[in-house]
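S.K.: Take a look at this one; I'll ask things after.
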Amino acid sequence: MPTLSAGPWTGSILAWLGTWLVHGTVLLGGAWMASLVVRSPGVRDALWKTALAGALATATFSVATARGGAPEPVVTRRIAKLGTPPHARLSIPPAPRPAMPPWVPEAALALWLAGALGGLARLEHGRRRYWRAAGARHAVADAEVADALRRLRTAAGVDRTIYLTAADGLQAPAAIGFAEICLPAAALAALTPAQRESVLAHELGHLARRDPLWKVAVEIASAVFWFQPLLRVARRQMVECAELLCDGFAVRVTGRRRPLVESLGVLAAAFRPRGVAAAGFGDQGSPLLRRAARVLDATRAPAGPLPAVARGVLAAAALAGTLAFAPGVAPPPREMILRTLTVEQTAFDARRTGIAEVQPGGSLRLAEDRDGVRRELTVRRGADGHPAYDYRENGAPRPFDAHAQRWLAQSLNEPRVR
179 MPTLSAGPWT GSILAWLGTW LVHGTVLLGG AWMASLVVRS PGVRDALWKT
229 ALAGALATAT FSVATARGGA PEPVVTRRIA KLGTPPHARL SIPPAPRPAM
279 PPWVPEAALA LWLAGALGGL ARLEHGRRRY WRAAGARHAV ADAEVADALR
329 RLRTAAGVDR TIYLTAADGL QAPAAIGFAE ICLPAAALAA LTPAQRESVL
379 AHELGHLARR DPLWKVAVEI ASAVFWFQPL LRVARRQMVE CAELLCDGFA
429 VRVTGRRRPL VESLGVLAAA FRPRGVAAAG FGDQGSPLLR RAARVLDATR
479 APAGPLPAVA RGVLAAAALA GTLAFAPGVA PPPREMILRT LTVEQTAFDA
529 RRTGIAEVQP GGSLRLAEDR DGVRRELTVR RGADGHPAYD YRENGAPRPF
579 DAHAQRWLAQ SLNEPRVR
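Position 369 of the sequence shown, counted from 1, bears residue number 547 in my numbering, the numbering being contiguous throughout.
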(Lines of atoms letter the chains of each structure in order from A; the text may use other names.)
(Lines give C-alpha, C1' and ligand atoms only; values in the text may rest on other atoms or scores of the structure.)
Protein backbone atom coordinates (compact mmCIF):
# COMPACT_ATOMS: atom_id res chain seq x y z
CA MET A 179 0.00 0.00 0.00
CA PRO A 180 1.67 3.25 -1.10
CA THR A 181 2.03 6.01 1.44
CA LEU A 182 1.11 9.63 0.87
CA SER A 183 3.55 12.17 2.32
CA ALA A 184 1.71 15.28 3.47
CA GLY A 185 0.51 17.07 6.57
CA PRO A 186 -1.60 14.98 8.94
CA TRP A 187 -5.02 16.23 7.85
CA THR A 188 -4.18 16.75 4.20
CA GLY A 189 -2.51 13.38 3.95
CA SER A 190 -5.35 11.53 5.64
CA ILE A 191 -8.02 13.14 3.44
CA LEU A 192 -6.09 12.50 0.24
CA ALA A 193 -5.35 8.94 1.32
CA TRP A 194 -9.07 8.37 1.86
CA LEU A 195 -9.94 9.92 -1.50
CA GLY A 196 -7.30 7.87 -3.28
CA THR A 197 -8.45 4.66 -1.61
CA TRP A 198 -12.07 5.49 -2.43
CA LEU A 199 -11.11 6.06 -6.07
CA VAL A 200 -9.45 2.65 -6.28
CA HIS A 201 -12.18 0.77 -4.41
CA GLY A 202 -14.94 2.71 -6.16
CA THR A 203 -13.48 1.89 -9.56
CA VAL A 204 -13.31 -1.80 -8.66
CA LEU A 205 -16.85 -1.98 -7.25
CA LEU A 206 -18.59 0.37 -9.69
CA GLY A 207 -16.72 -1.12 -12.64
CA GLY A 208 -17.71 -4.60 -11.50
CA ALA A 209 -21.35 -3.54 -11.18
CA TRP A 210 -21.24 -2.00 -14.64
CA MET A 211 -19.81 -5.14 -16.25
CA ALA A 212 -22.30 -7.35 -14.42
CA SER A 213 -25.20 -5.13 -15.50
CA LEU A 214 -24.29 -5.77 -19.14
CA VAL A 215 -25.20 -9.45 -18.78
CA VAL A 216 -27.66 -9.48 -15.86
CA ARG A 217 -31.21 -8.69 -16.95
CA SER A 218 -32.97 -8.68 -13.58
CA PRO A 219 -33.61 -5.10 -12.38
CA GLY A 220 -33.57 -6.33 -8.77
CA VAL A 221 -30.09 -7.83 -9.10
CA ARG A 222 -28.73 -4.81 -10.96
CA ASP A 223 -30.23 -2.45 -8.39
CA ALA A 224 -28.55 -4.40 -5.58
CA LEU A 225 -25.23 -4.41 -7.45
CA TRP A 226 -25.18 -0.64 -7.90
CA LYS A 227 -26.25 0.12 -4.35
CA THR A 228 -23.65 -2.29 -2.97
CA ALA A 229 -20.96 -0.65 -5.10
CA LEU A 230 -21.95 2.86 -4.07
CA ALA A 231 -22.15 2.20 -0.33
CA GLY A 232 -19.37 -0.39 -0.33
CA ALA A 233 -16.74 1.95 -1.76
CA LEU A 234 -17.34 4.39 1.09
CA ALA A 235 -17.25 1.63 3.71
CA THR A 236 -14.12 -0.15 2.47
CA ALA A 237 -12.17 3.06 1.86
CA THR A 238 -12.97 4.33 5.34
CA PHE A 239 -12.08 1.00 6.95
CA SER A 240 -8.83 0.65 5.00
CA VAL A 241 -7.57 4.13 5.84
CA ALA A 242 -8.70 3.93 9.48
CA THR A 243 -6.83 0.66 10.02
CA ALA A 244 -3.79 1.41 7.86
CA ARG A 245 -0.42 2.39 9.20
CA GLY A 246 1.74 4.89 7.40
CA GLY A 247 4.49 3.30 5.36
CA ALA A 248 7.26 5.43 6.87
CA PRO A 249 7.92 4.65 10.55
CA GLU A 250 7.89 7.37 13.13
CA PRO A 251 11.52 8.04 14.03
CA VAL A 252 12.48 7.35 17.64
CA VAL A 253 15.20 9.49 19.14
CA THR A 254 17.51 7.96 21.73
CA ARG A 255 19.76 10.18 23.75
CA ARG A 256 22.64 10.03 26.15
CA ILE A 257 23.52 12.99 28.37
CA ALA A 258 27.10 13.61 29.36
CA LYS A 259 27.52 14.12 33.09
CA LEU A 260 29.31 17.18 34.37
CA GLY A 261 33.04 16.74 34.41
CA THR A 262 33.17 14.09 31.69
CA PRO A 263 34.80 14.71 28.33
CA PRO A 264 32.47 16.29 25.77
CA HIS A 265 32.03 13.15 23.69
CA ALA A 266 28.35 12.39 24.33
CA ARG A 267 26.83 13.05 20.93
CA LEU A 268 23.88 11.31 19.32
CA SER A 269 21.67 11.94 16.32
CA ILE A 270 19.19 9.88 14.37
CA PRO A 271 19.73 9.09 10.70
CA PRO A 272 18.02 11.33 8.18
CA ALA A 273 14.38 10.52 7.51
CA PRO A 274 13.43 9.69 3.94
CA ARG A 275 12.65 12.76 1.92
CA PRO A 276 9.04 13.20 0.72
CA ALA A 277 8.36 11.75 -2.72
CA MET A 278 6.82 15.03 -3.88
CA PRO A 279 7.08 18.72 -3.01
CA PRO A 280 4.99 19.59 0.06
CA TRP A 281 2.75 21.97 -1.92
CA VAL A 282 1.51 19.22 -4.24
CA PRO A 283 -0.83 17.51 -1.72
CA GLU A 284 -2.21 20.87 -0.60
CA ALA A 285 -2.86 21.86 -4.22
CA ALA A 286 -4.54 18.51 -4.92
CA LEU A 287 -6.76 18.90 -1.86
CA ALA A 288 -7.70 22.45 -2.88
CA LEU A 289 -8.55 21.28 -6.41
CA TRP A 290 -10.79 18.49 -5.08
CA LEU A 291 -12.49 20.82 -2.63
CA ALA A 292 -13.15 23.45 -5.31
CA GLY A 293 -14.67 20.85 -7.61
CA ALA A 294 -16.79 19.37 -4.83
CA LEU A 295 -18.13 22.73 -3.68
CA GLY A 296 -18.85 23.73 -7.25
CA GLY A 297 -20.72 20.49 -7.89
CA LEU A 298 -22.78 20.83 -4.73
CA ALA A 299 -23.61 24.44 -5.62
CA ARG A 300 -24.81 23.37 -9.08
CA LEU A 301 -26.87 20.59 -7.52
CA GLU A 302 -28.58 22.97 -5.12
CA HIS A 303 -29.15 25.53 -7.88
CA GLY A 304 -30.81 22.88 -10.04
CA ARG A 305 -33.02 21.75 -7.18
CA ARG A 306 -34.18 25.27 -6.46
CA ARG A 307 -34.85 25.98 -10.14
CA TYR A 308 -36.86 22.75 -10.51
CA TRP A 309 -39.18 23.49 -7.61
CA ARG A 310 -39.45 27.16 -8.52
CA ALA A 311 -40.76 26.08 -11.93
CA ALA A 312 -43.09 23.53 -10.32
CA GLY A 313 -44.66 26.17 -8.10
CA ALA A 314 -46.04 25.88 -4.61
CA ARG A 315 -47.19 22.45 -3.45
CA HIS A 316 -50.63 22.15 -1.88
CA ALA A 317 -52.45 19.25 -0.26
CA VAL A 318 -54.80 17.23 -2.46
CA ALA A 319 -58.33 17.57 -1.09
CA ASP A 320 -59.96 15.01 -3.40
CA ALA A 321 -61.42 12.33 -1.09
CA GLU A 322 -61.44 9.73 -3.88
CA VAL A 323 -57.70 10.13 -4.46
CA ALA A 324 -56.99 10.02 -0.72
CA ASP A 325 -59.03 6.80 -0.38
CA ALA A 326 -57.15 5.23 -3.28
CA LEU A 327 -53.81 6.02 -1.64
CA ARG A 328 -55.05 4.58 1.65
CA ARG A 329 -56.04 1.31 -0.04
CA LEU A 330 -52.68 1.10 -1.77
CA ARG A 331 -50.79 1.64 1.48
CA THR A 332 -52.73 -1.18 3.10
CA ALA A 333 -52.17 -3.54 0.17
CA ALA A 334 -48.44 -2.74 0.06
CA GLY A 335 -47.93 -2.94 3.83
CA VAL A 336 -46.68 0.66 4.10
CA ASP A 337 -47.50 1.73 7.66
CA ARG A 338 -46.26 5.32 7.73
CA THR A 339 -48.41 8.29 6.79
CA ILE A 340 -47.97 9.41 3.18
CA TYR A 341 -48.68 13.03 2.32
CA LEU A 342 -50.30 13.65 -1.07
CA THR A 343 -49.70 17.04 -2.68
CA ALA A 344 -50.03 18.64 -6.10
CA ALA A 345 -48.21 21.43 -7.93
CA ASP A 346 -49.50 23.35 -10.95
CA GLY A 347 -46.12 23.59 -12.70
CA LEU A 348 -44.97 20.02 -12.05
CA GLN A 349 -44.71 17.98 -15.25
CA ALA A 350 -44.23 14.48 -13.82
CA PRO A 351 -45.19 12.76 -10.55
CA ALA A 352 -42.48 12.85 -7.89
CA ALA A 353 -41.78 10.97 -4.69
CA ILE A 354 -40.18 13.36 -2.19
CA GLY A 355 -38.18 12.53 0.90
CA PHE A 356 -39.59 9.88 3.22
CA ALA A 357 -43.33 10.33 2.85
CA GLU A 358 -44.62 12.68 0.16
CA ILE A 359 -46.08 12.08 -3.28
CA CYS A 360 -46.50 15.17 -5.44
CA LEU A 361 -48.63 14.96 -8.58
CA PRO A 362 -48.96 17.38 -11.49
CA ALA A 363 -52.22 19.22 -10.94
CA ALA A 364 -53.23 18.60 -14.55
CA ALA A 365 -52.76 14.84 -14.12
CA LEU A 366 -55.47 14.67 -11.46
CA ALA A 367 -58.02 15.65 -14.11
CA ALA A 368 -56.44 13.96 -17.15
CA LEU A 369 -56.09 10.46 -15.68
CA THR A 370 -58.89 7.97 -15.14
CA PRO A 371 -59.30 6.57 -11.60
CA ALA A 372 -57.55 3.32 -12.59
CA GLN A 373 -54.67 5.19 -14.23
CA ARG A 374 -54.36 7.53 -11.26
CA GLU A 375 -54.25 4.56 -8.90
CA SER A 376 -51.42 3.02 -10.94
CA VAL A 377 -49.47 6.28 -10.78
CA LEU A 378 -49.97 6.48 -7.01
CA ALA A 379 -48.86 2.86 -6.63
CA HIS A 380 -45.73 3.54 -8.68
CA GLU A 381 -44.78 6.56 -6.58
CA LEU A 382 -45.60 4.66 -3.39
CA GLY A 383 -43.10 2.06 -4.55
CA HIS A 384 -40.42 4.76 -4.74
CA LEU A 385 -41.12 5.78 -1.15
CA ALA A 386 -41.19 2.19 0.08
CA ARG A 387 -37.78 1.58 -1.53
CA ARG A 388 -36.32 4.89 -0.27
CA ASP A 389 -35.54 5.85 -3.86
CA PRO A 390 -35.64 9.63 -3.23
CA LEU A 391 -32.92 9.25 -0.61
CA TRP A 392 -30.79 7.02 -2.83
CA LYS A 393 -31.19 9.53 -5.65
CA VAL A 394 -29.98 12.36 -3.43
CA ALA A 395 -27.10 10.20 -2.20
CA VAL A 396 -25.83 9.34 -5.67
CA GLU A 397 -26.21 12.95 -6.84
CA ILE A 398 -24.21 14.21 -3.87
CA ALA A 399 -21.60 11.50 -4.46
CA SER A 400 -21.36 12.53 -8.12
CA ALA A 401 -20.76 16.13 -7.06
CA VAL A 402 -18.27 15.38 -4.28
CA PHE A 403 -16.37 12.68 -6.18
CA TRP A 404 -16.49 14.56 -9.48
CA PHE A 405 -13.33 12.80 -10.67
CA GLN A 406 -15.09 9.39 -10.84
CA PRO A 407 -16.97 9.09 -14.18
CA LEU A 408 -18.50 5.74 -13.22
CA LEU A 409 -20.78 7.55 -10.78
CA ARG A 410 -22.65 9.08 -13.70
CA VAL A 411 -23.18 5.59 -15.09
CA ALA A 412 -24.36 4.45 -11.67
CA ARG A 413 -26.84 7.31 -11.44
CA ARG A 414 -28.44 6.48 -14.80
CA GLN A 415 -28.55 2.76 -14.09
CA MET A 416 -30.04 3.21 -10.62
CA VAL A 417 -32.79 5.47 -11.99
CA GLU A 418 -33.63 2.93 -14.68
CA CYS A 419 -33.72 0.03 -12.22
CA ALA A 420 -35.85 2.03 -9.79
CA GLU A 421 -38.43 2.79 -12.49
CA LEU A 422 -38.66 -0.84 -13.58
CA LEU A 423 -38.94 -2.09 -10.01
CA CYS A 424 -41.62 0.47 -9.15
CA ASP A 425 -43.54 -0.52 -12.28
CA GLY A 426 -43.48 -4.07 -10.96
CA PHE A 427 -44.51 -2.82 -7.52
CA ALA A 428 -47.51 -1.01 -9.02
CA VAL A 429 -48.61 -4.08 -11.00
CA ARG A 430 -48.40 -6.32 -7.93
CA VAL A 431 -50.28 -3.89 -5.68
CA THR A 432 -53.05 -2.96 -8.14
CA GLY A 433 -53.22 -6.25 -10.03
CA ARG A 434 -53.49 -4.34 -13.33
CA ARG A 435 -50.97 -3.75 -16.11
CA ARG A 436 -52.73 -1.72 -18.80
CA PRO A 437 -53.72 1.33 -16.69
CA LEU A 438 -50.07 1.82 -15.74
CA VAL A 439 -48.98 1.83 -19.38
CA GLU A 440 -51.84 4.17 -20.30
CA SER A 441 -50.82 6.56 -17.53
CA LEU A 442 -47.26 6.59 -18.87
CA GLY A 443 -48.62 7.65 -22.25
CA VAL A 444 -50.85 10.39 -20.79
CA LEU A 445 -48.02 11.84 -18.72
CA ALA A 446 -45.56 11.64 -21.61
CA ALA A 447 -47.97 13.49 -23.90
CA ALA A 448 -48.30 16.32 -21.37
CA PHE A 449 -44.54 16.54 -20.82
CA ARG A 450 -42.82 19.48 -22.52
CA PRO A 451 -39.08 18.85 -22.29
CA ARG A 452 -36.51 21.34 -23.50
CA GLY A 453 -33.66 20.72 -25.91
CA VAL A 454 -32.45 17.34 -27.13
CA ALA A 455 -34.27 15.44 -24.39
CA ALA A 456 -37.45 15.61 -26.51
CA ALA A 457 -36.09 12.90 -28.82
CA GLY A 458 -36.30 10.26 -26.13
CA PHE A 459 -40.08 9.91 -26.04
CA GLY A 460 -40.52 9.18 -29.74
CA ASP A 461 -37.48 6.94 -30.11
CA GLN A 462 -38.34 3.26 -30.52
CA GLY A 463 -35.48 2.39 -28.19
CA SER A 464 -36.46 4.84 -25.48
CA PRO A 465 -36.61 3.69 -21.83
CA LEU A 466 -40.30 4.66 -21.72
CA LEU A 467 -41.21 2.26 -24.53
CA ARG A 468 -39.10 -0.50 -23.01
CA ARG A 469 -40.89 0.01 -19.70
CA ALA A 470 -44.27 -0.19 -21.39
CA ALA A 471 -43.34 -3.35 -23.26
CA ARG A 472 -42.07 -4.98 -20.08
CA VAL A 473 -45.22 -4.11 -18.12
CA LEU A 474 -47.53 -5.45 -20.88
CA ASP A 475 -45.61 -8.73 -21.21
CA ALA A 476 -47.95 -11.04 -19.31
CA THR A 477 -45.48 -13.93 -19.62
CA ARG A 478 -42.99 -12.08 -17.43
CA ALA A 479 -43.48 -11.69 -13.70
CA PRO A 480 -43.48 -8.09 -12.42
CA ALA A 481 -39.98 -6.93 -11.58
CA GLY A 482 -39.18 -7.39 -7.91
CA PRO A 483 -36.28 -6.69 -5.57
CA LEU A 484 -33.55 -9.16 -4.71
CA PRO A 485 -34.36 -10.99 -1.44
CA ALA A 486 -32.76 -9.52 1.68
CA VAL A 487 -30.60 -12.61 2.33
CA ALA A 488 -29.24 -12.53 -1.21
CA ARG A 489 -28.51 -8.81 -0.90
CA GLY A 490 -26.62 -9.45 2.33
CA VAL A 491 -24.53 -12.24 0.78
CA LEU A 492 -23.78 -10.07 -2.25
CA ALA A 493 -22.71 -7.13 -0.08
CA ALA A 494 -20.53 -9.30 2.19
CA ALA A 495 -18.78 -10.93 -0.76
CA ALA A 496 -18.18 -7.62 -2.53
CA LEU A 497 -16.83 -5.88 0.57
CA ALA A 498 -14.64 -8.80 1.63
CA GLY A 499 -13.19 -9.16 -1.86
CA THR A 500 -12.47 -5.45 -2.13
CA LEU A 501 -10.76 -5.30 1.26
CA ALA A 502 -8.72 -8.42 0.50
CA PHE A 503 -7.53 -7.65 -3.01
CA ALA A 504 -8.00 -3.96 -3.85
CA PRO A 505 -5.02 -1.77 -2.93
CA GLY A 506 -5.34 1.53 -1.16
CA VAL A 507 -3.34 4.61 -0.20
CA ALA A 508 -1.97 4.67 3.32
CA PRO A 509 -2.19 7.91 5.30
CA PRO A 510 1.03 9.48 6.52
CA PRO A 511 2.29 8.67 10.00
CA ARG A 512 0.47 10.64 12.64
CA GLU A 513 3.63 12.63 13.27
CA MET A 514 6.67 12.82 11.02
CA ILE A 515 9.40 13.88 13.44
CA LEU A 516 13.10 14.20 12.77
CA ARG A 517 14.93 15.25 15.89
CA THR A 518 18.65 15.57 16.59
CA LEU A 519 19.87 16.10 20.15
CA THR A 520 23.50 16.80 21.01
CA VAL A 521 24.56 17.32 24.62
CA GLU A 522 28.03 18.32 25.86
CA GLN A 523 28.82 19.18 29.48
CA THR A 524 25.25 20.28 30.22
CA ALA A 525 22.98 19.54 33.17
CA PHE A 526 19.17 19.67 33.22
CA ASP A 527 17.00 20.79 36.09
CA ALA A 528 15.42 18.31 38.48
CA ARG A 529 12.23 17.93 36.40
CA ARG A 530 14.18 17.79 33.13
CA THR A 531 12.20 20.65 31.65
CA GLY A 532 15.04 23.12 31.19
CA ILE A 533 18.78 23.75 31.40
CA ALA A 534 20.20 24.07 34.90
CA GLU A 535 23.87 24.62 34.06
CA VAL A 536 26.30 24.67 31.16
CA GLN A 537 29.94 23.99 31.96
CA PRO A 538 32.69 25.94 30.21
CA GLY A 539 32.98 24.53 26.70
CA GLY A 540 29.66 22.73 27.04
CA SER A 541 26.57 23.14 24.87
CA LEU A 542 23.21 21.67 23.93
CA ARG A 543 21.98 21.54 20.36
CA LEU A 544 18.44 20.48 19.54
CA ALA A 545 16.96 20.45 16.03
CA GLU A 546 13.54 19.17 15.05
CA ASP A 547 11.57 18.94 11.81
CA ARG A 548 7.85 18.48 12.39
CA ASP A 549 4.86 19.33 10.19
CA GLY A 550 6.94 21.46 7.85
CA VAL A 551 8.54 23.58 10.61
CA ARG A 552 12.22 23.33 11.53
CA ARG A 553 13.08 24.40 15.06
CA GLU A 554 16.66 24.79 16.24
CA LEU A 555 18.00 25.57 19.69
CA THR A 556 21.60 26.10 20.72
CA VAL A 557 22.44 26.61 24.40
CA ARG A 558 25.91 27.71 25.49
CA ARG A 559 27.45 29.11 28.63
CA GLY A 560 26.96 32.88 28.67
CA ALA A 561 29.43 35.49 29.85
CA ASP A 562 27.62 35.68 33.18
CA GLY A 563 27.82 31.92 33.65
CA HIS A 564 24.13 31.36 32.93
CA PRO A 565 22.78 29.47 29.90
CA ALA A 566 22.48 31.59 26.75
CA TYR A 567 19.76 30.53 24.29
CA ASP A 568 19.78 30.87 20.49
CA TYR A 569 16.35 29.73 19.24
CA ARG A 570 15.29 29.72 15.57
CA GLU A 571 12.26 28.66 13.53
CA ASN A 572 12.92 27.93 9.85
CA GLY A 573 16.22 29.76 10.22
CA ALA A 574 14.74 32.99 11.61
CA PRO A 575 15.78 34.05 15.15
CA ARG A 576 12.96 33.90 17.68
CA PRO A 577 12.83 34.81 21.37
CA PHE A 578 13.17 31.89 23.74
CA ASP A 579 9.73 32.54 25.18
CA ALA A 580 7.20 30.36 26.97
CA HIS A 581 6.26 28.62 23.70
CA ALA A 582 9.87 27.70 23.01
CA GLN A 583 10.37 26.57 26.60
CA ARG A 584 7.38 24.22 26.31
CA TRP A 585 8.84 22.81 23.13
CA LEU A 586 12.18 22.16 24.85
CA ALA A 587 10.45 20.49 27.80
CA GLN A 588 8.36 18.33 25.48
CA SER A 589 11.42 17.34 23.47
CA LEU A 590 13.30 16.31 26.59
CA ASN A 591 10.42 14.36 28.10
CA GLU A 592 8.48 12.99 25.12
CA PRO A 593 7.54 9.37 25.80
CA ARG A 594 8.93 8.20 22.48
CA VAL A 595 12.33 9.64 23.38
CA ARG A 596 14.19 7.20 25.56
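All C-beta atoms in this analysis are idealised placements derived from N, C-alpha and C, irrespective of residue type, glycine included.
#1: State the start and end residues of the unbroken beta strand (DSSP E) segment that holds Ala344.
#2: Using the rule of at least 16 other Cβ atoms within 10 Å of the residue's Cβ for burial, across every protein chain shown, is His316 buried or exposed?
#3: Cβ of Glu397 within 7 Å of Cβ of Leu301?
#4: Once you ignore the five residues that flank Ala334 on each side, which residues in its own chain have a CB closer than 8 Å to its CB?
#5: Could you please give me the residues that DSSP links to Asp568 through a beta bridge?
#6: By DSSP's criteria, Ile191 is part of a beta bridge. Which residues make up the other side?
#7: Looking at Trp198 and Ala237, is the spacing between their C-beta atoms short of 7 Å?
#8: Rounded to whole angstroms, what is the Cα-Cα separation between Leu408 and Ile354?
#9: With DSSP run on the structure shown, which of helix, strand or coil describes Pro407?
#10: For Pro575, count the other beta carbons within 10 Å of its own beta carbon; 16 or more makes it buried, fewer makes it exposed. Which is it?
#11: Counting beta carbon pairs with one atom in the segment 361–370 and one in the segment 411–418, are three or more of them shorter than 8 Å?
#12: Could you please give the first and the last residue of the uninterrupted alpha helix (DSSP H) stretch that includes Leu214?
#13: Could you tell me which of Ser190, Ala525 and Gly232 sits nearest to Gly499, measuring between CA atoms?
#14: Between Ala476 and Ala470, what straight-line distance do the alpha-carbon atoms span, to the nearest angstrom?
#15: Just verifying my parser: in three-state terms, what is the DSSP assignment at Ala314?
#16: So Ala334 is in the beta strand (DSSP E); what residue range does that whole segment cover?
#17: Name the residue from Asn591, Leu555 and Asp562 whose alpha carbon lies nearest to the alpha carbon of Phe578.
#18: Pro575 lies in the beta strand (DSSP E); which residues open and close that run?
#19: Leaving out five residues before and five after Arg222 in sequence, what residues of the same chain have Cβ atoms less than 6 Å from its Cβ?
#20: In the DSSP output, what is Ile398 paired with across the bridge?
#21: Within the same chain, show all residues whose beta-carbon is closer than 8 Å to that of Thr188, passing over the 5 residues directly before and after it, in chain order.
#22: Taking DSSP as the reference, what is the three-state secondary structure of Ala352?
#23: Excluding the 5 residues flanking Pro480 on each side, which residues of the same chain have their C-beta closer than 6 Å to its C-beta?
#24: Examine the Cβ distances between the segment 556–572 and the segment 530–548 and report whether three or more of them are shorter than 8 Å.
#25: Within 10 Å of its beta-carbon, does Val491 have 16 or more other beta-carbons around it, so buried, or fewer, so exposed?
#26: If distances are taken between C-alpha atoms only, which option among Leu192, Ala365 and Phe526 comes closest to Asn605?
M.R.: Here's the rundown:
#1: Here residue 344 corresponds to residue number 166 of the sequence shown, with the count starting at 1. First-last of the beta strand (DSSP E) with Ala344: Tyr341 to Ala345.
#2: As a first step, residue 316 is located in the sequence shown; it is residue number 138 there, counting from the start. His316 comes out exposed.
#3: Position 219 of the sequence shown, counted from the start, is the residue given in the question as residue 397. Position 123 of the sequence shown, counted from the start, is the residue given in the question as residue 301. A contact, by the Cβ cut-off of 7 Å.
#4: Counting from 1 along the sequence shown, the entry for residue 334 is found at position 156. Around Ala334: Ala379, Leu382, Gly383, Ala386, Phe427 and Val431.
#5: Translated into the one-based positions of the sequence shown, residue 568 becomes position 390. BP columns for Asp568 point to Thr556.
#6: As a working note, residue 191 is residue 13 in the sequence shown. Per DSSP, none; premise fails for Ile191.
#7: Mapped onto the sequence shown, residue 237 falls at position 59. Mapped onto the sequence shown, residue 198 falls at position 20. Cβ distance < 7 Å, so Ala237 and Trp198 count as in contact.
#8: Along the sequence shown, read from residue 1 onward, the residue named residue 408 stands at position 230. Along the sequence shown, read from residue 1 onward, the residue named residue 354 stands at position 176. Distance between the alpha carbons of Leu408 and Ile354 is about 25 Å.
#9: As a working note, residue 407 is residue 229 in the sequence shown. Correct three-state label for Pro407: coil.
#10: Numbered from its first residue, the sequence shown carries residue 575 at position 397. Counting Cβ neighbours within 10 Å, Pro575 comes out exposed, since fewer than 16 surround it.
#11: no
#12: Indexing the sequence shown from 1 puts residue 214 at position 36. Where Leu214 is concerned, there is no enclosing alpha helix (DSSP H), given that its DSSP letter is neither H nor E.
#13: Taking the first residue of the sequence shown as 1, we reach residue 499 at position 321. It is Gly232.
#14: For the purposes of this step, residue 476 is identified with residue 298 of the sequence shown, where counting begins at 1. For the purposes of this step, residue 470 is identified with residue 292 of the sequence shown, where counting begins at 1. Those two C-alpha atoms are separated by around 12 Å.
#15: Looking up residue 314 in the sequence shown gives position 136. Coil, per DSSP.
#16: As a working mapping, residue 334 is identified with position 156 in the sequence shown. Taken as a continuous stretch (DSSP letters only), Ala334 belongs to no beta strand (DSSP E), being part of the alpha helix (DSSP H) at Ala321 to Ala334.
#17: The sequence position of residue 578 within the sequence shown is 400, counting from 1. Ranking Asn591, Leu555 and Asp562 by Cα distance to Phe578 puts Leu555 first.
#18: Counting from one through the sequence shown, the residue named residue 575 turns up at place 397. Counting along the chain, the beta strand (DSSP E) containing Pro575 begins and ends at Ala574 to Arg576.
#19: As a working note, residue 222 is residue 44 in the sequence shown. Counting only Cβ-Cβ distances below 6 Å, and skipping sequence neighbours, we find Ser213, Val216 and Cys419.
#20: Position 220 of the sequence shown, counted from the start, is the residue given in the question as residue 398. As DSSP reads the structure, Ile398 sits in no beta bridge.
#21: One-based indexing of the sequence shown puts residue 188 at position 10. Pro283, Glu284 and Leu287, listed in sequence order.
#22: Translated into the one-based positions of the sequence shown, residue 352 becomes position 174. For Ala352, the secondary structure class from DSSP, reduced to helix, strand or coil, is strand.
#23: Here residue 480 refers to the residue found at position 302 of the sequence shown. Correct list, in chain order: Gly426, Val429 and Arg430.
#24: yes
#25: Indexing the sequence shown from 1 puts residue 491 at position 313. Burial call: exposed.
#26: Because residue 605 is not part of the residues shown, which for the chain are 179 to 596, the question remains open.
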